[in-house]
Amino acid sequence: MRLSVRHTTKYRFREPVAHGIQRLRLTPKETQGQRILEWSMEYEGAHEQLSYDDQNFNHVTLVGVEEGTTEVVVTCKGLVDTEDNAGVIGQHAGHLPLWAFLGQTKLTKPGPKIKALIAKVERSEEGMVDTLHDLSRVIRENVEYGTGTTRVTTTAEEAAEDGWGVCQDHAHIFIAAARSLDIPARYVSGYLMMNDRIEQEASHAWAEAHVDGLGWVGFDISNGISPDPRYVRVATGRDYQDAAPITGISFGAVTEDLSVDLAVEQQFEEQQQQ
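In our numbering, the protein residues as written are 767 to 1040.
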(Lines of atoms letter the chains of each structure in order from A and count residues from 1; the text may use other names and numbers.)
(Lines give C-alpha, C1' and ligand atoms only; values in the text may rest on other atoms or scores of the structure.)
Protein backbone atom coordinates (compact mmCIF):
# COMPACT_ATOMS: atom_id res chain seq x y z
CA MET A 1 0.00 0.00 0.00
CA ARG A 2 1.29 3.45 -0.88
CA LEU A 3 0.54 6.06 1.77
CA SER A 4 0.79 9.82 1.43
CA VAL A 5 1.57 11.62 4.70
CA ARG A 6 1.41 15.33 5.55
CA HIS A 7 2.22 16.28 9.14
CA THR A 8 2.40 19.89 10.34
CA THR A 9 3.35 20.82 13.90
CA LYS A 10 2.97 24.43 15.04
CA TYR A 11 4.00 25.73 18.43
CA ARG A 12 3.85 29.27 19.73
CA PHE A 13 5.89 30.88 22.48
CA ARG A 14 4.55 33.34 24.99
CA GLU A 15 7.57 35.62 24.43
CA PRO A 16 10.26 35.85 21.74
CA VAL A 17 12.87 33.07 21.97
CA ALA A 18 16.41 34.01 22.92
CA HIS A 19 17.80 30.59 22.01
CA GLY A 20 16.33 27.16 21.44
CA ILE A 21 17.03 23.75 19.96
CA GLN A 22 14.57 21.00 19.06
CA ARG A 23 15.16 17.29 18.54
CA LEU A 24 12.84 15.91 15.84
CA ARG A 25 12.06 12.24 15.30
CA LEU A 26 9.73 12.72 12.35
CA THR A 27 11.36 10.68 9.57
CA PRO A 28 9.89 7.18 9.07
CA LYS A 29 12.18 4.16 9.38
CA GLU A 30 13.33 1.97 6.51
CA THR A 31 12.36 -1.44 7.92
CA GLN A 32 11.01 -4.80 6.82
CA GLY A 33 7.69 -4.13 5.15
CA GLN A 34 8.23 -0.37 4.88
CA ARG A 35 10.05 1.64 2.21
CA ILE A 36 10.39 5.43 2.14
CA LEU A 37 9.91 6.75 -1.41
CA GLU A 38 9.91 10.48 -0.63
CA TRP A 39 10.29 12.49 2.55
CA SER A 40 10.89 16.18 3.12
CA MET A 41 10.85 18.54 6.09
CA GLU A 42 10.34 22.30 5.96
CA TYR A 43 10.73 24.83 8.78
CA GLU A 44 9.42 28.26 9.64
CA GLY A 45 11.10 30.06 12.54
CA ALA A 46 13.83 27.40 12.72
CA HIS A 47 16.67 25.94 10.67
CA GLU A 48 18.26 22.50 10.44
CA GLN A 49 21.63 22.10 12.13
CA LEU A 50 22.46 18.40 11.78
CA SER A 51 20.95 14.93 11.59
CA TYR A 52 21.99 11.49 12.83
CA ASP A 53 20.68 8.02 13.70
CA ASP A 54 20.29 7.41 17.44
CA GLN A 55 20.75 4.23 19.49
CA ASN A 56 17.39 2.89 18.27
CA PHE A 57 18.13 3.63 14.61
CA ASN A 58 15.68 6.52 14.72
CA HIS A 59 16.58 9.29 12.31
CA VAL A 60 16.96 12.44 14.41
CA THR A 61 17.10 16.01 13.09
CA LEU A 62 18.31 18.84 15.30
CA VAL A 63 16.91 22.27 14.46
CA GLY A 64 17.80 25.60 15.98
CA VAL A 65 14.99 28.02 16.83
CA GLU A 66 15.68 31.41 15.32
CA GLU A 67 16.33 34.21 17.79
CA GLY A 68 13.32 36.43 18.40
CA THR A 69 10.75 34.08 16.90
CA THR A 70 7.40 33.51 18.59
CA GLU A 71 6.20 30.66 16.38
CA VAL A 72 7.81 27.55 14.88
CA VAL A 73 6.19 25.45 12.16
CA VAL A 74 7.56 22.05 11.08
CA THR A 75 5.97 20.49 8.00
CA CYS A 76 6.75 16.91 6.95
CA LYS A 77 5.42 15.22 3.84
CA GLY A 78 6.21 12.16 1.82
CA LEU A 79 5.29 8.80 0.34
CA VAL A 80 5.74 5.46 2.08
CA ASP A 81 5.20 1.95 0.70
CA THR A 82 3.98 -0.59 3.26
CA GLU A 83 3.36 -4.35 3.23
CA ASP A 84 1.22 -6.68 5.31
CA ASN A 85 3.51 -8.86 7.44
CA ALA A 86 0.97 -9.46 10.22
CA GLY A 87 2.89 -7.03 12.42
CA VAL A 88 6.17 -8.97 12.20
CA ILE A 89 9.18 -6.67 11.90
CA GLY A 90 11.79 -9.39 12.28
CA GLN A 91 15.28 -9.50 13.71
CA HIS A 92 16.56 -7.00 16.22
CA ALA A 93 18.59 -4.04 14.94
CA GLY A 94 20.02 -0.98 16.60
CA HIS A 95 22.88 -0.13 18.91
CA LEU A 96 21.00 -1.18 22.05
CA PRO A 97 21.23 -4.90 22.92
CA LEU A 98 18.01 -6.86 23.17
CA TRP A 99 18.29 -7.16 26.96
CA ALA A 100 17.99 -3.36 27.24
CA PHE A 101 14.29 -3.77 26.42
CA LEU A 102 13.73 -5.96 29.47
CA GLY A 103 14.47 -3.20 31.98
CA GLN A 104 11.63 -1.01 33.19
CA THR A 105 11.76 2.78 32.88
CA LYS A 106 10.13 5.48 34.98
CA LEU A 107 7.16 5.49 32.60
CA THR A 108 6.72 1.70 32.48
CA LYS A 109 7.54 0.56 36.02
CA PRO A 110 4.65 -1.72 37.07
CA GLY A 111 2.78 -1.53 40.35
CA PRO A 112 -0.08 -3.51 41.95
CA LYS A 113 -2.63 -2.58 39.25
CA ILE A 114 -0.52 -3.77 36.32
CA LYS A 115 0.41 -6.94 38.21
CA ALA A 116 -3.32 -7.57 38.68
CA LEU A 117 -3.85 -7.16 34.92
CA ILE A 118 -1.07 -9.68 34.22
CA ALA A 119 -2.83 -12.21 36.46
CA LYS A 120 -5.90 -12.03 34.16
CA VAL A 121 -3.96 -12.99 31.02
CA GLU A 122 -4.55 -16.47 29.63
CA ARG A 123 -1.33 -18.32 28.77
CA SER A 124 -2.05 -19.78 25.34
CA GLU A 125 -0.85 -23.25 24.34
CA GLU A 126 -0.64 -21.91 20.78
CA GLY A 127 2.38 -19.81 21.63
CA MET A 128 3.56 -16.47 22.89
CA VAL A 129 1.89 -14.40 20.15
CA ASP A 130 -1.57 -15.54 21.25
CA THR A 131 -0.67 -14.84 24.89
CA LEU A 132 0.41 -11.32 23.98
CA HIS A 133 -2.80 -10.74 22.05
CA ASP A 134 -4.68 -11.75 25.18
CA LEU A 135 -2.59 -9.30 27.19
CA SER A 136 -3.66 -6.62 24.71
CA ARG A 137 -7.30 -7.63 25.21
CA VAL A 138 -7.05 -7.48 29.00
CA ILE A 139 -5.55 -3.98 28.86
CA ARG A 140 -8.18 -2.73 26.42
CA GLU A 141 -11.02 -4.12 28.54
CA ASN A 142 -9.69 -2.61 31.77
CA VAL A 143 -8.24 0.72 30.57
CA GLU A 144 -10.79 2.56 28.45
CA TYR A 145 -9.60 4.76 25.61
CA GLY A 146 -10.24 8.43 26.38
CA THR A 147 -8.52 11.66 25.37
CA GLY A 148 -7.75 14.47 27.77
CA THR A 149 -7.35 12.14 30.74
CA THR A 150 -3.57 11.67 30.73
CA ARG A 151 -0.38 13.56 29.81
CA VAL A 152 2.89 12.55 28.17
CA THR A 153 4.35 12.22 31.68
CA THR A 154 1.62 9.84 32.91
CA THR A 155 3.09 6.48 33.91
CA ALA A 156 1.72 3.09 32.92
CA GLU A 157 0.72 2.35 36.52
CA GLU A 158 -1.12 5.69 36.87
CA ALA A 159 -3.12 5.07 33.70
CA ALA A 160 -3.93 1.51 34.79
CA GLU A 161 -5.11 2.77 38.17
CA ASP A 162 -7.32 5.45 36.59
CA GLY A 163 -8.75 3.04 34.02
CA TRP A 164 -8.43 5.65 31.26
CA GLY A 165 -5.80 6.50 28.72
CA VAL A 166 -4.80 7.01 25.11
CA CYS A 167 -2.68 4.88 22.78
CA GLN A 168 0.52 6.01 24.52
CA ASP A 169 -0.80 4.74 27.86
CA HIS A 170 -2.00 1.45 26.39
CA ALA A 171 1.46 0.91 24.87
CA HIS A 172 3.23 1.68 28.15
CA ILE A 173 1.02 -0.71 30.11
CA PHE A 174 1.62 -3.47 27.55
CA ILE A 175 5.38 -2.86 27.68
CA ALA A 176 5.38 -2.90 31.49
CA ALA A 177 3.48 -6.19 31.56
CA ALA A 178 5.52 -7.87 28.82
CA ARG A 179 8.80 -6.99 30.53
CA SER A 180 7.41 -8.35 33.79
CA LEU A 181 6.95 -11.63 31.90
CA ASP A 182 10.62 -11.48 30.75
CA ILE A 183 9.64 -10.53 27.20
CA PRO A 184 11.61 -7.67 25.59
CA ALA A 185 9.20 -4.90 24.59
CA ARG A 186 9.46 -1.43 23.07
CA TYR A 187 7.40 1.65 22.23
CA VAL A 188 6.57 2.68 18.65
CA SER A 189 5.44 6.08 17.42
CA GLY A 190 4.03 6.53 13.95
CA TYR A 191 1.00 7.09 11.78
CA LEU A 192 -2.21 5.16 11.21
CA MET A 193 -4.48 5.76 8.23
CA MET A 194 -8.07 5.60 9.44
CA ASN A 195 -10.40 4.14 6.82
CA ASP A 196 -13.14 6.72 7.29
CA ARG A 197 -11.10 9.91 7.06
CA ILE A 198 -7.97 11.55 5.65
CA GLU A 199 -7.43 14.14 8.36
CA GLN A 200 -6.25 12.36 11.52
CA GLU A 201 -6.63 13.63 15.07
CA ALA A 202 -3.04 12.87 16.05
CA SER A 203 -0.10 10.57 15.43
CA HIS A 204 -0.41 7.04 16.78
CA ALA A 205 1.49 4.78 19.18
CA TRP A 206 1.67 1.03 19.73
CA ALA A 207 4.06 -1.56 21.15
CA GLU A 208 6.32 -4.33 19.87
CA ALA A 209 7.39 -7.48 21.71
CA HIS A 210 10.30 -9.75 20.80
CA VAL A 211 9.09 -13.31 20.23
CA ASP A 212 11.50 -16.23 19.79
CA GLY A 213 11.51 -17.41 16.19
CA LEU A 214 9.78 -14.30 14.84
CA GLY A 215 11.69 -11.33 16.21
CA TRP A 216 9.84 -8.09 16.86
CA VAL A 217 6.04 -8.29 16.54
CA GLY A 218 3.71 -5.29 16.74
CA PHE A 219 0.58 -4.96 18.88
CA ASP A 220 -1.79 -2.02 18.61
CA ILE A 221 -3.50 -2.33 21.96
CA SER A 222 -5.97 0.53 21.42
CA ASN A 223 -7.39 -1.12 18.28
CA GLY A 224 -6.88 -4.75 19.25
CA ILE A 225 -4.87 -5.76 16.17
CA SER A 226 -1.33 -6.18 14.92
CA PRO A 227 -0.22 -3.36 12.60
CA ASP A 228 -1.16 -3.81 8.93
CA PRO A 229 -0.28 -1.79 5.79
CA ARG A 230 -2.16 1.27 7.12
CA TYR A 231 0.59 1.81 9.71
CA VAL A 232 3.79 3.82 9.24
CA ARG A 233 6.58 3.24 11.78
CA VAL A 234 8.50 6.42 12.58
CA ALA A 235 10.48 5.91 15.81
CA THR A 236 11.01 3.27 18.49
CA GLY A 237 12.46 3.22 21.99
CA ARG A 238 12.22 1.90 25.52
CA ASP A 239 9.29 4.26 26.14
CA TYR A 240 7.69 7.43 24.81
CA GLN A 241 10.65 9.62 25.73
CA ASP A 242 12.94 7.64 23.40
CA ALA A 243 10.53 7.99 20.48
CA ALA A 244 8.89 11.38 21.11
CA PRO A 245 8.30 13.27 17.82
CA ILE A 246 9.59 16.60 19.19
CA THR A 247 11.64 17.35 22.30
CA GLY A 248 13.90 20.24 23.13
CA ILE A 249 14.72 23.26 25.22
CA SER A 250 14.34 27.00 24.79
CA PHE A 251 15.63 30.01 26.66
CA GLY A 252 13.77 33.26 27.14
CA ALA A 253 10.35 31.79 26.32
CA VAL A 254 7.69 29.36 27.44
CA THR A 255 5.66 27.28 24.99
CA GLU A 256 2.10 28.54 25.15
CA ASP A 257 0.29 26.55 22.49
CA LEU A 258 0.97 23.49 20.30
CA SER A 259 -1.20 22.22 17.45
CA VAL A 260 -0.85 19.33 15.03
CA ASP A 261 -2.42 18.83 11.59
CA LEU A 262 -2.04 15.34 10.16
CA ALA A 263 -3.32 13.77 6.97
CA VAL A 264 -2.69 10.17 5.91
CA GLU A 265 -4.27 8.70 2.79
CA GLN A 266 -3.75 5.87 0.35
CA GLN A 267 -2.37 6.96 -2.99
CA PHE A 268 -3.61 5.07 -6.00
CA GLU A 269 -1.91 4.62 -9.38
CA GLU A 270 -3.90 7.34 -11.13
CA GLN A 271 -2.85 9.84 -8.43
CA GLN A 272 0.81 8.88 -8.82
CA GLN A 273 0.66 9.61 -12.57
CA GLN A 274 -0.70 13.13 -12.13
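A virtual CB, placed ideally from N, CA and C, is assigned to each residue, including glycine.
Kindly list the residues whose CB is nearer than 8 Å to the CB of residue i, restricted to its own chain and excluding five residues on each side of it in sequence; keep chain order.
| i | result |
| --- | --- |
| GLU927 | GLY877, LYS879 |
| VAL918 | GLN934, TYR1006, ALA1010 |
On the CB-based measure, 16 or more other CB atoms within 10 Å of its CB, does residue i come out buried or exposed?
| i | result |
| --- | --- |
| ASP994 | buried |
| ASN822 | buried |
| GLN1039 | Here the model assigns GLN1039 a pLDDT of 49, short of 50, so the residue's position is not dependable, and the following value carries that caveat. Per the 10 Å Cβ criterion, exposed. |
| GLY945 | Before going on, a small fix: residue 945 reads as Arg here, not Gly. By the 10 Å Cβ count, ARG945 comes out buried. |
| HIS976 | buried |
Take residue i as the anchor and find which of the options has the nearest alpha-carbon.
| i | options | result |
| --- | --- | --- |
| GLY990 | SER770, ALA971, HIS861 | ALA971 |
| SER890 | ASP900, VAL983, ILE905, ILE884 | ASP900 |
| TYR957 | LYS843, PRO863, GLU808, GLU810 | LYS843 |
| SER1025 | VAL838, MET807, ASP935 | VAL838 |
| LEU980 | THR836, THR916, ALA852, GLU810 | ALA852 |
| THR835 | TRP865, GLU849, TYR809 | TYR809 |
Can you find the residues in the same chain that come closer than 6 Å, C-beta to C-beta, to residue i, ignoring five residues on each side of it along the sequence?
| i | result |
| --- | --- |
| THR874 | ALA922, HIS938, ILE941, ALA942, ASP1005 |
| GLY830 | ILE787, HIS813, GLN815 |
| ALA885 | none |
| GLU1031 | SER770, ILE964 |
| PRO794 | ILE802, VAL846, VAL998, VAL1000 |
| TYR911 | SER988 |
| LEU1028 | HIS773, GLN966 |
| GLY1003 | ASN822, TYR953, ALA1009 |
For residue i, which residues from the same chain have a beta carbon less than 7 Å from its beta carbon, with the 5 sequence-adjacent residues on both sides left out?
| i | result |
| --- | --- |
| SER902 | PHE940, PHE985, ILE987, GLY990 |
| ASN755 | This structure cannot speak to residue 755, because the chain is shown only from 767 to 1040. |
| TYR818 | VAL826 |
On the three-state DSSP scale, how would you describe residue i?
| i | result |
| --- | --- |
| ASN934 | According to the sequence shown, residue 934 is Gln rather than Asn. Three-state result, GLN934: helix. |
| MET960 | coil |
| GLN1039 | For GLN1039, the predicted structure reports a pLDDT of 49, less than 50, and the residue's modelled location is therefore unreliable. The matter cannot be settled from this model. |
| HIS785 | strand |
| LEU1056 | Lying outside 767 to 1040, the shown extent of the chain, residue 1056 is not represented and no answer is given. |
| HIS899 | helix |
| GLU888 | coil |
| GLN1032 | strand |
| SER992 | coil |
| GLN1007 | helix |
| SER969 | coil |
| LEU980 | coil |
Assuming residue i contacts residue j (C-beta within less than 8 Å), just tell me the rounded distance between them.
| i | j | result |
| --- | --- | --- |
| ALA1010 | VAL954 | Going by Cβ atoms, the distance from ALA1010 to VAL954 rounds to 12 Å, so no, they are not a contact pair. |
| VAL846 | LEU803 | 7 Å |
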